[in-house]
Amino acid sequence: MIANAVKQSPLGKDIGGFLMLAIPLASAQVAQAAVGLVDTIMMGRLGTESLAAGGLASTMFQFCLTTVSGIVMAVSPLVAEAYGAGQAARVEHIARQGLWLAIILTLPLMVIISQLDAGLLALGQPEAIATRAAPYFKFIVWGIFPALGFAMLRSYVSALSQANVVIVIVIIGTLVNITGNYVLGFGKFGFPRMELAGLGLSSGLSFWLMFILFLIYALKHPQLRNYRFLQNFHHFNLRIFQRLITVGVAIAITIALEYGLFAAVTFLMGILGTDILAAHQTVYQTIYIIFMVPLGMSYAVTARVGQWLGQKDMQGVRRAGYVGMVVVGLFMLVTAIALIIYRRQVIGIYINIDQPANAKVLALAIPMLFVASIAQLLDGIHRMAMGALHGLQDTRIPMLISGLAFWGVGLTSGYGLGFILGFEGVGLWIGQSIGVAVAGLISILRFHRLTGRRTAIASIKP
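When the letters of the sequence shown are read in order and numbered with our numbering, they come out as residues 5 to 466.
Have a look at this one:
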């Protein structure tokens, strides 16, 4: 019965199945990214120092959390394969070990997060900034387990093609977070004014709410409740746990490499000057929000590829991968054209483009956004190719591809164009585009080769 749920279907049904899974996941990613934007606006209303400290604290926390969440994301390809193969008991075992993994990762991550204020000092930030950031870390650290648990459950339900609820839960969590920021951060309705500590506490509470709602859904939904992964929770399956670690650590390192590249480019933009950095930030914020769409959709392509892999249908695997790449490629192409046509209007969201004082930033941002529009098209296709490879549980080689392409090609060429040839911020963005293009091309070729080889092997079996 489980296997029949992912039976071979025409291309139109493949596209429909992909979109049914991808749209809620992508919408949830965009909603979560929007929370970061709202948090930044609220931090700004607390004062300049709070904005600087809160922005750094939030960025560091998200980097650590997103990277470690990559490990528990290994649940998705493993569950998808078991689901496609009709192995209900194995689905339960993988989900159980995934939750164990989230629990085990919580303590070391809590230790790291609790010391990030000291990390700010070590990175040369003023003591006043580190002091203001410390309460934020003190409270948000208690939301780490539910945040990792949420990432695990999202991977689990996505692999079972039951992700529609994700966007509902994320919207609820987002509204609670925004309300909590207002009440606790600014001391409304009789609550004390906690400022950044209140924003950290609000985020932690919203993580717990989303995790609890997701857990209830996973345990009570008619198509999910038969997977009793909380039963015999004390049973520890070392083999599955090790497989999750093997697949997941490579995903986490890939995430860290990509986030690290953006951080390095931002640092280099700062060296080039305040106006260039300001122009870069307006462009980056726009591209970051848009990038959430292919990121969310990549989770869907991972699940779809994994399900066909469980069916041992390599034609289905190949079709699922390419459907995701083409759909996202078309979406990102339309987005790129819109960004290029409406560059001034987009930049006007962040700065008053009619003010003479902003003329230089506007002049710098317009060509950056043009190049970034092309970069996000390439990065969207690359992200889908990576998602397809992750569905095949192929993570270590893609990790190396990302490292070499992003840092060896992208950052090196960007530095050469920006600093040596004098293209400055535009040169750094061109370098990123080259790195992403190389990573995307190699990833697509690898997916094509792996699926072609496995198809050939399957065709000669008796």
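C-beta atoms are modelled at their ideal positions from N, C-alpha and C, and glycine is treated no differently.
Can you tell me whether residue i is buried or exposed? The criterion is at least 16 other CB atoms within 10 Å of its CB, across all chains shown.
| i | result |
| --- | --- |
| residue 346 | exposed |
| residue 226 | exposed |
| residue 181 | buried |
| residue 317 | buried |
| residue 75 | buried |
| residue 428 | buried |
| residue 359 | exposed |
| residue 193 | exposed |
| residue 220 | exposed |
| residue 454 | buried |
| residue 115 | exposed |
| residue 177 | buried |
| residue 284 | buried |
| residue 138 | buried |
| residue 242 | exposed |
| residue 271 | exposed |
| residue 463 | At residue 463, the pLDDT of 47 sits below 50, so the modelled position is not reliable; the number obtained from the coordinates is stated separately. That one is exposed. |
| residue 15 | exposed |
Of the residues the options, which one's Cα is nearest the Cα of residue i?
| i | options | result |
| --- | --- | --- |
| residue 447 | 390, 105, 28, 306 | 390 |
| residue 388 | 192, 224, 214, 330 | 330 |
| residue 441 | 333, 369, 400 | 333 |
| residue 1 | 352, 403, 39, 63 | Since the first residue shown for the chain is 5 and the last is 466, residue 1 is missing from the structure and cannot be characterised. |
| residue 101 | 19, 79, 114, 87 | 79 |
| residue 281 | 364, 53, 394 | 364 |
| residue 152 | 86, 57, 51, 65 | 65 |
| residue 56 | 154, 234, 200 | 200 |
| residue 97 | 432, 370, 246, 422 | 246 |
| residue 109 | 397, 150, 339, 393 | 150 |
| residue 370 | 188, 341, 348 | 348 |
| residue 266 | 24, 90, 418 | 418 |
| residue 37 | 384, 62, 122, 89 | 62 |
| residue 52 | 406, 133, 29, 307 | 133 |
| residue 144 | 69, 224, 87 | 69 |
| residue 19 | 352, 325, 361, 357 | 325 |
| residue 173 | 286, 32, 287, 423 | 32 |
| residue 328 | 393, 138, 379 | 393 |
| residue 254 | 449, 406, 302 | 406 |
| residue 408 | 191, 258, 250 | 258 |
| residue 366 | 377, 354, 23 | 354 |
| residue 239 | 410, 103, 46 | 103 |
| residue 186 | 44, 411, 357 | 44 |
| residue 26 | 306, 436, 288 | 306 |
| residue 302 | 383, 433, 250, 263 | 383 |
| residue 249 | 279, 344, 204, 397 | 397 |
| residue 411 | 430, 268, 273 | 268 |
| residue 294 | 278, 30, 361 | 30 |
Between residue i and the ligand FAD, is there a pair consisting of the residue's CB and a ligand heavy atom that are separated by less than 7 Å?
| i | result |
| --- | --- |
| residue 135 | The ligand FAD is not part of the structure shown, which contains no ligands of any sort. |
Counting only C-beta atoms, is residue i closer than 8 Å to chain C at any point?
| i | result |
| --- | --- |
| residue 320 | Annotation note: the requested chain C is absent from the structure, which comprises a single protein chain. |
Quick one: measure Cβ to Cβ for residue i and residue j, integer angstroms, because I've assumed they're closer than 8 Å.
| i | j | result |
| --- | --- | --- |
| residue 92 | residue 314 | Contact flag wrong, Cβ pair sits at about 12 Å. |
| residue 401 | residue 444 | Contact flag wrong, Cβ pair sits at about 15 Å. |
| residue 3 | residue 297 | The structure shown does not extend to residue 3, since the chain is modelled only from 5 to 466, so the question has no answer here. |
| residue 118 | residue 154 | In fact, because the Cβ distance is near 20 Å, the residues do not count as touching under 8 Å. |
Leaving out the 5 sequence neighbours to the left and right, which residues in its chain are closer than 8 Å to residue i when beta-carbon positions are compared?
| i | result |
| --- | --- |
| residue 232 | 96 |
Between which residues of its own chain and residue i is the CB-CB distance below 7 Å, once the five residues before and five after are set aside?
| i | result |
| --- | --- |
| residue 337 | 381 |
| residue 87 | 6, 95, 163, 164, 311, 314 |
| residue 175 | 35 |
| residue 377 | 340, 343, 344 |
Within the same chain, show all residues whose beta-carbon is closer than 6 Å to that of residue i, passing over the 5 residues directly before and after it, in chain order.
| i | result |
| --- | --- |
| residue 157 | 218, 222 |
| residue 202 | 188, 189 |
| residue 28 | 167, 168, 170, 171 |
| residue 148 | 110, 113, 114 |
| residue 286 | 351, 354, 369 |
| residue 130 | none |
| residue 252 | 75, 78 |
| residue 99 | 160, 233 |
| residue 435 | 414, 417, 418, 421 |
| residue 82 | 98 |
| residue 125 | 134 |
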